[in-house]
Amino acid sequence: MGIGIGSVSVNFRDTTSILMHKIFSRPLPDHIPDASVSIVWSLRIPRTLLAFIVGGALSVSGAVMQSVLKNPLASSYTLGVSSGASVGAGIVILTGFTIPFLGGFTLPLFGLIFGLLTVFIVVSFTEKIDRNMSNNTIVLVGMVFSLFVNAILTLMSALGRDHIQQLIFWQMGSFSSREWSSLIILFPIMLVCVLILMRYTRELDLLTFGEEQASAVGVDTNKVKWILLGLSAALTGSSISFVGVIGFIDLVAPHIVRKVFGSTHRIVIPMSILVGGAFMVICDLVARTIVSPTELPVGSVTALVGAPFFAYVYFSKRKV
Amino acid sequence: MHMFIFQNERFDNMLELNNVSAGYDGFDVINNISLNIKYGENLCILGPNGCGKSTLIKAIAGLIPSTGQILMDNENVGKMNRHEIARKIAVMNQISSVYFSYSIYETVLLGRYVHMKGPFKQPTEYDEDCVDRCLKAVELYDIKDKQISTLSGGQLQRVFLARTLAQEPNIILLDEPTNHLDLRYQTELIDYLNEWSKDGKHSVVGVLHDINLALTLGDKFVLLEEGSIASYGNAETAVTVEKLDKVFNMDVVSYMLNSLGKWKTIATQ
Numbered sequence: 002m003g004i005g006i007g008s009v010s011v012n013f014r015d016t017t018s019i020l021m022h023k024i025f026s027r028p029l030p031d032h033i034p035d036a037s038v039s040i041v042w043s044l045r046i047p048r049t050l051l052a053f054i055v056g057g058a059l060s061v062s063g064a065v066m067q068s069v070l071k072n073p074l075a076s077s078y079t080l081g082v083s084s085g086a087s088v089g090a091g092i093v094i095l096t097g098f099t100i101p102f103l104g105g106f107t108l109p110l111f112g113l114i115f116g117l118l119t120v121f122i123v124v125s126f127t128e129k130i131d132r133n134m135s136n137n138t139i140v141l142v143g144m145v146f147s148l149f150v151n152a153i154l155t156l157m158s159a160l161g162r163d164h165i166q167q168l169i170f171w172q173m174g175s176f177s178s179r180e181w182s183s184l185i186i187l188f189p190i191m192l193v194c195v196l197i198l199m200r201y202t203r204e205l206d207l208l209t210f211g212e213e214q215a216s217a218v219g220v221d222t223n224k225v226k227w228i229l230l231g232l233s234a235a236l237t238g239s240s241i242s243f244v245g246v247i248g249f250i251d252l253v254a255p256h257i258v259r260k261v262f263g264s265t266h267r268i269v270i271p272m273s274i275l276v277g278g279a280f281m282v283i284c285d286l287v288a289r290t291i292v293s294p295t296e297l298p299v300g301s302v303t304a305l306v307g308a309p310f311f312a313y314v315y316f317s318k319r320k321v
Numbered sequence: 005m006h007m008f009i010f011q012n013e014r015f016d017n018m019l020e021l022n023n024v025s026a027g028y029d030g031f032d033v034i035n036n037i038s039l040n041i042k043y044g045e046n047l048c049i050l051g052p053n054g055c056g057k058s059t060l061i062k063a064i065a066g067l068i069p070s071t072g073q074i075l076m077d078n079e080n081v082g083k084m085n086r087h088e089i090a091r092k093i094a095v096m097n098q099i100s101s102v103y104f105s106y107s108i109y110e111t112v113l114l115g116r117y118v119h120m121k122g123p124f125k126q127p128t129e130y131d132e133d134c135v136d137r138c139l140k141a142v143e144l145y146d147i148k149d150k151q152i153s154t155l156s157g158g159q160l161q162r163v164f165l166a167r168t169l170a171q172e173p174n175i176i177l178l179d180e181p182t183n184h185l186d187l188r189y190q191t192e193l194i195d196y197l198n199e200w201s202k203d204g205k206h207s208v209v210g211v212l213h214d215i216n217l218a219l220t221l222g223d224k225f226v227l228l229e230e231g232s233i234a235s236y237g238n239a240e241t242a243v244t245v246e247k248l249d250k251v252f253n254m255d256v257v258s259y260m261l262n263s264l265g266k267w268k269t270i271a272t273q
């Protein structure tokens with residue numbers, strides 16, 4: 002569905018025919034114009050798949066952060082992944098610097114490195130000042146560091162007015178102009194991260210009962226925290242470095258999954274991928290069709306849906 | 005230090021503390037604690053708020069760093085990793101809030117964590133049997149699929165007791181576990197633990213606010229005063245009128261006798 006609808010609409014049957022044609026070399030019905038074929042195959046499919054993968058990656062990352070930090074409102078963004086990645090992207094956009102051979106991938110690469118670097122700094126700093134790496138300290142350090150990095154970003158935008166629009170658009174997130182190449186890089190990263198995460202589902206379950214209890218039951222809490230926060234940051238960092246900062250999905254999807262399927266992480270993680278992925282495809286669909294032919298940044302759509310949800314979770318928690 | 009520890013070898017002292025000090029952020033809350041427990045013995049730690057009871061429990065479990073020496077089966081706990089510690093020592097404490105809900109069964113199964121093997125830690129038949137046994141012991145087997153977020157404080161506490169038992173430790177450290185339990189379950193918990201330790205393969209170290217419960221559970225007692233041992237030994241030598249008065253800064257025995265008098269009146273009515 003996400004593939005068919007768009008500025009140029011291609012109906013469902015034709016879409017299926019095109020898919021069959023490309024994947025199984027079935028003959029193409031005569032009435033389908035070449036333009037439709039290339040729209041579907043080169044633009045819509047990679048875009049939809051990318052939206053799905055990014056949505057899934059962000060949701061899993063959110064689920065992990067929420068459990069590790071034992072905070073239903075936590076996400077990778079709390080630890081400054083997005084701020085860090087934005088600064089990385091900002092540097093590339095402002096200086097116009099590109100690494101030879103990598104060309105267009107310089108921006109995602111810088112975003113990823115800076116995002117991971119931020120989390121690394123936040124967690125190491127936390128470990129320095131608090132040997133037990135308690136959640137409150139992590140969240141607090143993350144917040145402070147995010148604000149600090151954001152200030153740098155503001156400074157950069159003020160200095161480079163010419164590029165400000167490009168930077169703002171990157172920060173809002175969009176799946177436009179994304180082709181197969183991004184998918185080929187992002188998919189393996191996600192696959193590896195999720196597979197490793199699936200090994201740590203019991204630890205995740207235990208961590209939601211608190212660090213001390215998890216330790217008492219035999220979890221090497223600090224080590225596991227490092228691994229989980231790192232994987233989670235890698236998922237978010239790599240996703241947003243390709244498509245920009247897309248918020249709220251990492252918050253909303255895991256909550257829905259937990260409500261419906263319970264909290265066991267063996268189920269929460271795969272279901273977060275499905276729900277988050279599907280949710281992202283729908284948001285992207287809305288983003289590019291609602292005021293067609295103009296495209297909205299998908300980040301604003303997820304935020305429009307996500308912000309009320311955020312409030313809902315917060316207030317329903319307080320009533321209990 | 006013994007180089008080789010055999011599985012079935014039983015040392016005289018199951019747990020031994022030599023000059024243990026521990027605390028938070030570099031400040032010692034407990035100082036130079038030395039004590040020992042044999043298999044089958046239960047130790048109760050008594051003292052007023054802030055005397056370091058919980059800190060001592062955490063130090064024994066290796067949850068906070070400590071100086072001095074803590075030996076479990078003659079092995080230095082400070083040199084063991086979390087996994088090795090958790091196979092021998094379990095901690096049951098006051099429950100905090102539940103953030104994400106699990107079923108009772110899933111929660112208790114998590115107690116098997118140190119015993120589950122393989123990359124994805126799938127439970128074996130033995131793990132599942134063990135969980136069933138523990139659930140039956142705390143009378144929660146019939147509602148094992150209920151979500152823990154819907155349980156009362158007392159039921160939740162029993163879920164955590166079942167999880168602690170499922171861990172199959174040699175020693176259980178209790179940190180005020182009776183807080184949410186009503187009188188019946190309090191006494192049942194203590195009776196159950198007494199039975200559990202009296203097979204000579206286990207021990208319980210407990211911090212209990214209720215001195216009556218502590219007297220029922222303990223074979224040995226430690227009275228803590230501002231982080232140091234004020235008295236230590238069996239009930240006759242360690243729990244005396246003047247020691248209790250001094251540590252709790254009130255006339256504990258008169259208070260207890262006074263309430264006993266009231267109970268006697270109730271009984272004769």
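Residue numbers (the numbering used here), protein chains in the order written: chain A, 2 to 321; chain B, 5 to 273. Each residue gets a CB set at the ideal place from its N, CA and C atoms; glycine is no exception. On a predicted model such as this, the values are computed, not experimentally measured, just so you know.
Cβ distance (whole Å) where residue i is taken to contact residue j below 8 Å
i          : j          : result
Leu-60(B)  : Ile-41(B)  : At roughly 13 Å, the Cβ-Cβ gap does not stay under 8 Å, so Leu-60(B) and Ile-41(B) are not in contact.
Leu-117(A) : Leu-252(A) : Between Leu-252(A) and Leu-117(A) the Cβ distance is about 21 Å, and since that is not below 8 Å, they are no contact.
Ile-68(B)  : Ala-26(B)  : 6 Å
Asp-131(B) : Tyr-145(B) : About 16 Å separates the two Cβ atoms, so there is no contact after all.
Val-24(B)  : Ile-89(B)  : Actually they do not touch by this definition, with Cβ atoms about 15 Å apart.
Gly-238(A) : Val-88(A)  : Contact doesn't hold; Cβ gap of about 12 Å is too wide.
Extent of the continuous beta strand (DSSP E) to which residue i belongs
i          : result
Asn-36(B)  : 31-42
Gln-73(B)  : 70-76
Met-18(B)  : 17-28
Asn-46(B)  : 46-50
Glu-229(B) : 224-229
Ile-158(B) : The sequence given here places Gly at residue 158(B); Ile does not occur at that position. That residue, Gly-158(B), is in no beta strand (DSSP E); its alpha helix (DSSP H) goes 157-170.
Ile-175(B) : 175-179
Gly-210(B) : 207-211
Any C-beta of chain B under 7 Å from that of residue i
i          : result
Leu-207(A) : yes
Phe-316(A) : no
Lys-71(A)  : yes
Ser-264(A) : yes
Gly-219(A) : yes
Arg-45(A)  : no
Ser-216(A) : yes
Arg-162(A) : no
Val-321(A) : Unreliable placement is indicated for Val-321(A), whose pLDDT of 38 sits below 50; no coordinate value is reported for it.
Glu-212(A) : no
Start-to-end residues for the alpha helix (DSSP H) that takes in residue i
i          : result
Ser-87(A)  : 82-96
Met-96(B)  : Looking at the DSSP string, Met-96(B) is not in any alpha helix (DSSP H); the run it does join, the beta strand (DSSP E), is 93-97.
Asn-151(A) : 136-160
Asp-195(B) : 187-201
Tyr-236(B) : Where Tyr-236(B) is concerned, there is no enclosing alpha helix (DSSP H), although the beta strand (DSSP E) it sits in stretches over 232-238.
Lys-62(B)  : 57-64
Met-254(B) : Here Met-254(B) belongs to no alpha helix (DSSP H), and DSSP marks it neither H nor E.
Tyr-109(B) : 108-113
Asp-285(A) : 266-290
Gln-166(A) : 165-173
Lys-140(B) : 129-141
7 Å Cβ cutoff, residue i in contact with chain A
i          : result
His-206(B) : no
Tyr-109(B) : no
Val-95(B)  : yes
Ser-38(B)  : no
Phe-104(B) : yes
His-184(B) : no
Val-209(B) : no
Tyr-43(B)  : no
Arg-86(B)  : yes
Tyr-259(B) : no
Gln-11(B)  : In this prediction, Gln-11(B) has a pLDDT of 44, which is less than 50 and means its spatial position is unreliable; nothing more can be read from the coordinates.
Leu-114(B) : yes
Ala-90(B)  : yes
Tyr-196(B) : no
Subject >> Short-range partners of chain A found in the segment 119-147 of chain B, where Cβ spacing is below 8 Å >> reply: Met-120, Pro-123, Phe-124, Lys-125
Original post:
Which runs of the beta strand (DSSP E) fall wholly inside the segment 201-241 of chain A and span at least 3 residues, in chain order?
Top reply: none
**OP:** Could you list the residues in the segment 156-171 of chain B with a C-beta less than 7 Å from some C-beta on chain A, going in chain order?
**Re:** Going along the segment 156-171 of chain B in chain order, one finds Gln-171 with a Cβ nearer than 7 Å to chain A.
Subject >> Residues in the segment 44-68 of chain A having any Cβ partner in chain B nearer than 9 Å >> reply: For the segment 44-68 of chain A, which is checked against every Cβ of chain B, the residues closer than 9 Å are Gln-67, Ser-68.
Original post:
For the segment 123-150 of chain A, which residues have a beta carbon sitting closer than 7 Å to at least one beta carbon of chain B?
Top reply: none
Original post:
Using a beta-carbon distance cut-off of less than 9 Å, what residues from the segment 61-74 of chain B approach chain A?
Top reply: Only those residues of the segment 61-74 of chain B whose C-beta falls short of 9 Å from the nearest C-beta of chain A are listed: Lys-62, Ala-65, Gly-66, Leu-67, Ile-68, Pro-69.
**OP:** Output, in sequence order along the chain, the residues in the segment 262-289 of chain A whose CB is closer than 9 Å to any CB in chain B.
**Re:** Residues of the segment 262-289 of chain A that bring their beta carbon within less than 9 Å of a beta carbon in chain B comprise Gly-263, Ser-264, Thr-265, Arg-267, Val-269, in sequence order.
Subject >> Within 7 Å of chain B by C-beta, residues of the segment 180-205 of chain A in sequence order >> reply: Here the close residues are Met-199, Arg-200, Arg-203.
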